[in-house]
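Colleague: Mind looking over this structure? Questions follow.
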Amino acid sequence: MTNQILPSSNLLRVNGLVKHFPIYKGFIFQKQVGAVHAVDNVSFDVKRGETLGLVGESGCGKSTTGRTILQFYRPDAGHVYMEDVDLVSLKGEDLRKMRRKMQMIFQDPYASLNPRMTVGEIIAEPLLAHHLADRKEAIEKVGSLLHLVGLNPAYYHRYPHEFSGGQRQRVGVARALSLEPSLIVCDEPISALDVSIQAQVVNLLEDLQAQFNLTYIFIAHDLSMVRHISDRVAVMYLGVIMELTDREELYTHPLHPYTQALLSAVPIPDPKKERRRQRIILQGDVPSPVNPPSGCRFRTRCPLAAPICAEQAPEFREIATDHHVACHMV
Amino acid sequence: MNLFAHIVRRLLLMIPMLIGITLLLFIVTHMVPTNPLTVILPEKSLNDPEIVKAATIKWGLDKPLYQQYLIYLGNLLHGDMGVSFKTKNPVTFDLEQFLPATVELSIASFIFALLIGLPLGIISALKSGSIVDHFTRVIALLGASIPPFWSGLIVLFIFWFKLRWLPGPGRIDARMAAPPTVTGSFLIDSLLAHNMPAFWSSVTHLILPAIILGWFTLAITARITRSSMLEVLQMDYIRTARAKGLTEWVVVIFHALRNALIPLITIIGLAFAGLMSGAIMTETIFSWPGIGRYAVMAATNLDFPAIMGVTLLIAVLFMFINLTVDIIYTIIDPRIREM
Amino acid sequence: MSELLLNVKDLRTRFHTRDGLVHAVNGVSFFVKEGETLGIVGESGCGKSVTVMSILRLIPSPPGEVVSGEALYLGRDLLKMSNDEIRHIRGSQLSMVFQDPMTSFNPVMTIGHQVAEPLMAHQEMTRKQAYARAAELLNLVGIPNASERLGDYPHQFSGGMRQRAMIAMALSCNPPLFIADEPSTALDVTIQAQILDLVKHLRDEFGMAVIWITHDLGIIAGLADRVAVMYAGFIIEEAAVDDLYDHPSHPYTIGLLGSLPRMDESGQRRLTSIEGMPPVLYQPPTECPFLSRCTYKIDRCSKENPSLMPVDDDHRAACWVDTTTGKSRA
Amino acid sequence: MTEQTANIGIPVISARQSDSPTRRRIRAVTHNPMAMAGLAIIIFWSVVAIFSGVIAPYDPLAQNVEDRLAAPSAQHLFGTDELGRDEFSRVIYGSRISLPVGLLVIVFAMVVGSLIGASAGYVGGIYDLLIMRVADITLAFPPIVLALAIAAVLGPSLNNALIAMIVVWWPEFSRLMRGQVLSVKNNEYVAAATIIGISRTQILFKHILPNTFAPILVKASLDAGSVILTIAAMSFIGLGVVPPTPEWGSMVSSGRFVFYSWWLTTFPGLAIMTVVLGFNFFGDGVRDAFDPRMLGS
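Line order of the protein sequences matches chains A, B, C and D. First residue of the first sequence: 320, per the working numbering; consecutive thereafter. First residue of the second sequence: 24, per the working numbering; consecutive thereafter. First residue of the third sequence: 10, per the working numbering; consecutive thereafter. First residue of the fourth sequence: 624, per the working numbering; consecutive thereafter.
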C-alpha cells in the first residue's frame, strides 16, 4: 500500500506543535503556577492513505497530540496543515466546516456515545449538522453505515447501553465514517476492548481503509498492534517524538535507547522465545510532565545517558532515509 | 503539608464572605416598604413630625443607604450591632445572654445524635437488609419528616403533662435560682457551684429538648454513615485488608470507618444548619432562652438590629463550623494536605 | 515429584444480579504443586478472578455465593474452614495481589503500616519489629530509601511503586502460594516489565508457587509452567505452557492466539477474529458455551456441554472436536 | 476489561434492557415500593385538597361558641378549637395550602436555580464567579434563619413566605446544576460532538442539558418534604400563613396554648408528618432509582 503513494502526497503536515496545559492555583485570584508540557515541538507528516502509528506510555502526550491536530485543543505554537490549509489559523464556522475532513474514534466506547440518543441519531447527527442530508436521506445513510461496520441496520432505534463494548466501538466508527473524512484519528480505539474483540475492530478498520482510501493516525500503547496496523511509527516520550520511521525498520532496527527498551519490554506469546529474550529493564518511573528533565527528556532513565544529554535537547534528525531519531548517542 | 498556612488562608477567605453576608443582610432589611419607625416609636408619636424627625436622625435613617451600610459595617468592627428596638439593650449584649443556652442544648443534642446515629449507621451497613437496617431507614425518614415544633409539644404532653416523668419548659426549675454564670452552661456551672439539685434539674430539663433537637441530626448521621460505609466496604482496599487476613473488627473499624468518616464530616457540618433551624422551633416550644428563641422574638417584633445581629451570628457560627470541618478533613485525609 | 499445594475440585460460584442469577464459575477444577507457576488466562467476565476469590472466600455475599466444590490447601478444605481459620491462612499461607495498585491501598493509612499489618496479624510481631521488617521488604522489592518512605501515604507513590509495595505486603509472611490477579495490567509496558522481572526473581528466591491471572497470553508465555484457559466460567483447556502455545486444542484458544498481533512477526497477516462475544450465563449451559462463536462445531456441540478430556499427556481440552483433524473426538 | 462491575467481574450488559434511559428510570421508580408508597400518600392528600369542599363536614371558618374545645366525638371527628371550629374540616382544608405551596416553591427554586446554575457553568468567567459567590453567601445562612429574616421584613403573609423560601432555596439548585454542567461538559461524547463539528448551541441543548437533569430532579423530590416542613414551621412562628386561614403549622401553634386539648396539636401535626413522609418516601425512592450504580453502565 505504502509504496504506491508518492512522497509528496502528504495529507497532513504537523509542524512544531506545542500544547501546554496551564496549572492554576488560588481560590479567588487564580494565577498560573506551572504547566503540563503535554506536547512539545512535535513535527511529522502523514501521507494520504497510510497509517501512522503513535505509540508511547501513558502521559506521553500521544492522545493530546491527536486532539490538538484536530483542533479540539488549540495549540500554543506550531501549525497543522490539512491538505495545505493551516487549521491553526481557522476559527468558528470555517473550522467547523473543515471538521468534515477529519474525524476521530475514541478510546472509551462507553463514554463517547451520548446515552440519551439512539444509535441512529448518533450516526445521523454529523450528516444533519453539516447539511449533507435531510432527515430521510440520513436515515437511509445510517442504515448503510450500520451495515458497513457490521451491525444490523435494525439497531437504529436502540440505545448505546444495549450494546457491548465492541459493538459500541463499531457505532463510533460508523459515526466517524458518516462524513466521509479523509483522515481519522484513532485514539486507542481498542485498548478498552477484550482481546478477542480487538481483532474484530482492527480488521474492520483495515477493511474500511482499503475500501475508502482512509488515512489513519493510530494512537496506542500496544506495540504489537501498532506493528500490525501501521505503515510508519512514531514513538513518543514525555511530549516529544523520540523516533519516527518505517514500521519494519523501527521494529527490527530500533535506534533510540527508549524504543529499544520499550520493544524489549513487550511480552511475546511464545514461551520458547520468551525464555531466550534479553530484557532491558528501565529503572524508575516516567518523570512528571510538569517539570520535564532538562536536555533530553529520557536521560533520567537512559542507560546511555552522558553529560551532554542534560545540557542540550537532542535534535530530531534524519539518520538514515526516512529514519528520524532524537538522541545524542546515535 | 502546612496546616497552619491552610487555616490562615481559609480565615482570610472568610473576610470577603463576611462582607458579602453583611451586605446581603443589609439589603434584605433595608429594601422593604416597612418603616422601622413604626416599630421604634409608640403609635401616638408617629403623628408628631418633631419626634419622627428626631428619631430618624437618631437611628441614622436620613442618610443614603450606602452610608448607612458603611456606618453599620464600621460599628460592626467595633463589636457594635446596634440597639435592639425591643429590649433596648445592645444586640451584642443580648446575644451574649442568649448564646450559651443554645450552645449547651446543641452540644447535648449532638452527643445524643452521634452516640446513637453512628453505631446505628455502621450496623445497618454491615447487615444491610437486616431488621436493624430497616429500623434505621424508618428512623432516618421519620427524622426528616416529623415537625420538631409538633413532636416537642407531643413529648411535653406525654412526659410532662400526663406522666409527670420529666419537667416542663425552661432550663431549670422555676423555683431554683440559676447557678452563678461561669461558662454559661447550667450543667457545668451548677457542678462548679457544688449545687447538685440545680445540676439534676438542669439535666432533666435538657433531656426532652436535646432529644427533639438531636432527632434530625441523628437521622442524617445514621443514614450517611450507612451509605458511606456501604460504599467504602466495596472498595478494593477493603478487599486487600481482608486478603491480608485481618480480623473483621480491624477491617471495619480501622480500614473502613476512617474512610467513611470523610463524607460524614461534611454532612455533619451541614447538619449544623438543620440544628439551627431545629433550635428555632425547639427553643420556642421549650421556652429555652437561646438565640433561636431570640431570633423568633426579633422576627415577630420586626426588631431589625436584632434580626441582623442574630442572623449574622448564626451565619458566622456556620462558617466557623465549616472551617472546623475543613481542618478535620485535612487531618483525616492525607491526600488533601498536599493541595 | 513435588507435593500438591492446592487442589480445587468442581468449584461453582454464582451471583445474584438484577438481571437474574449469573453463573460465574461452573465446576472449575485445577491444582497447583509446590513451587509451580500456574497461569489462568481468559477475557474479562470469564470467571478467572472470581475463581481465586472464591477460594480465598473473598466473594462478597450477597450478591455472590460459592455453591459447591472443594479447595484443598495441603489437604484441608478452605471452603469449610471457620472464619478464624481462613483468616489465618489469608496473607500468611495464601497471599494475593490485585489488579489496580491505585485503589488497592487504603488512602488514609501509611504504606509502612499497611505492609506491616500482616506481620502483626500473623507473626505476632510488635509494631516496631513489623515496621523494621516492612522496611526490609520494601527494600527487597526495589523501593529506594525504603525506611524513610514507611511514613508515606499511597498517593505519594507512583503506580509501579505501589504495586511493588503490594508485592512486599503479600510476601511479608513468606507464603507458599502467591496469587496475582492481573497485577501488571494497569501499568505501562516498561513498568510491567519491572514488575514481571521482580516477581520472577522473588519466586525463584523464595521457591513459592504462583497463580497468575491475566488476559495477556504474552505475559503467561514468559512466566507460567502450566496454563489453564477459562471461558464463560469453565476451564476449557489446560496444558503445560509450551504444549499450549505449540498445539492449542480448543477452538477458543486457537482463536485467541490467532487474534493476537505479534511483535516478532513481520508482514501483515490478517488477524483471525472470533466473531460474537462471550455469553453471560443465566442458566447452566446445556450446550458448549463457545458454540455460537465456534468455527469447528459439529452436531454434538449443541446437545452436550463437553467437559475437559485428555488430548495428550497432561493436556486436556473441553471440546468434542479434534481440532487437528476437524473430526469428532469420541 | 470495561464490561464488568467494580469488584467481581460480571458483565452487566445483557439483551434484557431495551428502552431509553428515561423510560428505564421511570420504570425503576414505578418498581420501587418506597417511591410508590410515597406517591400514594401524595395522591391521597392531593385528592383531599381537591375535594376539600366535599369531604369536610363543616365550614372551616364557621365558629360555634357553644361547642368550644370539644373533644373528638362522632360529631366532630377531631374535636373543635377554642372558637368552636371543626378541627377535622380545618385539617382537610389545610391541605389546600401546604401541598400547592410546597410544590410551587420547589418548582420555582428548581427552575430559577437550574437556569442560573446552567448559565454560570456554561458561560464561566466573571459571570460564573459572581453568581457562585452570591450563592455561597446565601448558603452561608441556614435556610430557615434567612427565610425568617426575609419574611419578618416583608411582613407575615403567605406570599412573602413563598418569596422568602424561593430566595433561600435557589442557590442549592444553582450549585448542583453548575456542577452537573461542568462535569457533563467534560464527557467524551461532548468532545465527540465538538470534533464532529456540532455548533455550540446544539451541543448545549442536545448533549449537555439533557444529561444534567437527573440529580436536579432527585434533589427536587428529596427537598419537597423539607420545603413543606419549613413553610409549616414559619406559619407556626407566625411569619407564614396567618389565622384564621386553616394552615397546619399555625393550627399547631394556636393549639399549644390550650395544652390539655391535645387534639388541637395532634391532628394538624399528623397531617404535616404524613405529607412530608410521603414526599420523603417518594424522594428516597427516586434517588434509589436514579442512582447510577443501580442502572448498570
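Every residue gets a Cβ at the ideal spot worked out from N, C-alpha and C, and that includes glycine.
State whether the segment 707 to 717 of chain D contacts the segment 681 to 695 of chain D, with contact taken as three or more CB pairs (one from each stretch) at a distance under 8 angstroms.
Modeller: Output reads yes: the segment 681 to 695 of chain D touches the segment 707 to 717 of chain D.
Colleague: Is it right to say residue 810/D is buried, meaning 16 or more other beta carbons lie within 10 angstroms of its own, or is it exposed?
Modeller: So residue 810/D counts as buried.
Colleague: I need the DSSP call for residue 440/B, collapsed to helix, strand or coil.
Modeller: Only positions 24 to 362 of chain B appear in the structure, and residue 440/B is not among them; the question remains open.
Colleague: Quick check on DSSP: helix, strand or coil for residue 537/A?
Modeller: Here residue 537/A sits in strand by DSSP.
Colleague: Do residue 260/B and residue 121/B have their C-beta atoms within less than 8 angstroms of each other?
Modeller: The answer is no: Cβ separation not under 8 angstroms.
Colleague: With DSSP collapsed to three states, give me the class of residue 221/C.
Modeller: In the structure shown, residue 221/C sits in a strand (DSSP, three-state: E or B).
Colleague: Suppose contacts are defined by Cβ-Cβ distances below 8 angstroms. Is residue 460/A in contact with residue 446/A by that definition?
Modeller: Yes. Within cutoff.
Colleague: Under 9 angstroms, CB to CB, which of the residues in the segment 818 to 835 of chain D have a partner in chain A?
Modeller: Against chain A - using a Cβ distance shorter than 9 angstroms - the residues of the segment 818 to 835 of chain D are 818, 819, 820, 821, 822, 825, 829, 830, 833, 834.
Colleague: In whole angstroms, give me the CA-to-CA distance for residue 264/B and residue 407/A.
Modeller: Roughly 52 angstroms between the two C-alpha positions.
Colleague: Compute the distance between the beta-carbons of residue 322/B and residue 772/D, then report whether it is under 8 angstroms.
Modeller: It is a contact, given that the beta carbons lie within the stated cut-off.
Colleague: Alpha helix (DSSP H) containing residue 176/C: first to last residue?
Modeller: First-last of the alpha helix (DSSP H) with residue 176/C: 168 to 180.
Colleague: Going by the beta-carbon positions, is the gap between residue 884/D and residue 725/D smaller than 8 angstroms?
Modeller: No. Outside cutoff.
Colleague: Going along chain B in order, which residues have a C-beta closer than 9 angstroms to the C-beta of residue 99/C?
Modeller: What residue 99/C touches in chain B: 265, 266, 267, 268, 269.
Colleague: State yes or no: is the beta carbon of residue 14/C nearer than 8 angstroms to at least one beta carbon in chain B?
Modeller: For residue 14/C, the answer is no, since every Cβ of chain B falls outside 8 angstroms of its Cβ.
Colleague: So the alpha helix (DSSP H) residue 744/D belongs to, where does it begin and stop?
Modeller: Here the alpha helix (DSSP H) through residue 744/D covers 710 to 746.
Colleague: Listed in chain order, which residues of the segment 231 to 244 of chain C have Cβ atoms closer than 7 angstroms to some Cβ of chain A?
Modeller: Answer in chain order: 231.
Colleague: Below 8 angstroms on the Cβ atoms is my guess for residue 675/D versus residue 715/D; work out the distance and round it to an integer in Å.
Modeller: With 8 angstroms as the limit, residue 675/D and residue 715/D qualify as a contact, their Cβ atoms being about 5 angstroms apart.
Colleague: Three Cβ pairs or more, each shorter than 8 angstroms: is that satisfied between the segment 528 to 543 of chain A and the segment 371 to 385 of chain A?
Modeller: Counting Cβ pairs under 8 angstroms, three or more are found: they touch.
Colleague: Could you compute how far the alpha carbon of residue 150/B sits from the alpha carbon of residue 319/B?
Modeller: Cα-Cα distance, rounded: 43 angstroms.
Colleague: What is the DSSP secondary structure of residue 140/B, reduced to helix, strand or coil?
Modeller: In this structure, residue 140/B counts as helix in the three-state DSSP scheme.
Colleague: Under the three-state reduction of DSSP, which class applies to residue 363/A: helix, strand or coil?
Modeller: Correct three-state label for residue 363/A: strand.
Colleague: By the 9 angstroms beta-carbon criterion, what residues does the segment 580 to 614 of chain A contribute toward chain C?
Modeller: Cβ contacts with chain C come from 580, 581, 582, 583, 584, 585, 586, 587, 588, 589, 590, 591, 592, 593, 594, 596, 598, 599, 600, 601, 602, 603, 604, 605.
Colleague: Using a Cβ-Cβ cut-off of less than 7 angstroms, list which residues of the segment 702 to 719 of chain D approach chain B; keep chain order.
Modeller: Residues passing the 7 angstroms Cβ filter: none.
Colleague: Comparing the C-beta of residue 849/D with each C-beta of chain B, is any distance below 8 angstroms?
Modeller: So yes, residue 849/D belongs to the interface.
Colleague: Identify each residue in the segment 442 to 456 of chain A for which the Cβ-Cβ distance to at least one residue of chain D is less than 9 angstroms, and report them in chain order.
Modeller: Going along the segment 442 to 456 of chain A in chain order, one finds 444, 445, 448, 449 with a Cβ nearer than 9 angstroms to chain D.
Colleague: So is residue 318/C buried or exposed if we call it buried at 16+ other beta carbons inside 10 Å?
Modeller: Residue 318/C comes out exposed.
Colleague: Skipping 5 residues on each side, what residues in its chain have a beta carbon closer than 6 angstroms to that of residue 306/B?
Modeller: Answer for residue 306/B: 313, 315, 316, listed in chain order.
Colleague: Ends of the alpha helix (DSSP H) at residue 783/D?
Modeller: Note, residue 783/D: alpha helix (DSSP H), 781 to 808.
Colleague: Tell me which residues share the same chain as residue 294/C and place their Cβ nearer than 6 angstroms to its Cβ, disregarding the 5 neighbours each side in the sequence.
Modeller: Correct list, in chain order: 314.
Colleague: Measuring straight from C-alpha to C-alpha, what distance separates residue 110/B and residue 329/B?
Modeller: The alpha-carbon atoms of residue 110/B and residue 329/B are separated by roughly 9 angstroms.
Colleague: Taking 7 angstroms as the limit between beta carbons, can you name the residues of its chain near residue 58/C, skipping five residues before and five after?
Modeller: So the list reads 190, 222, once near-sequence residues are dropped.
Colleague: Quick check on residue 320/C: does DSSP put it in helix, strand or coil?
Modeller: In the structure shown, residue 320/C sits in a strand (DSSP, three-state: E or B).
Colleague: Residues bridged to residue 35/C by DSSP?
Modeller: Residue 35/C pairs with 21/C.
Colleague: Let me make sure I understand the geometry here. Which of 324/B, 301/B, 356/B has the alpha-carbon closest to that of residue 108/B?
Modeller: Of the listed residues, the one whose Cα sits closest to residue 108/B is 324/B.
Colleague: Tell me the DSSP bridge mates of residue 42/C?
Modeller: Residue 42/C is bridged to 13/C.
Colleague: Going by DSSP, name the residue or residues bridged to residue 329/A.
Modeller: 366/A.
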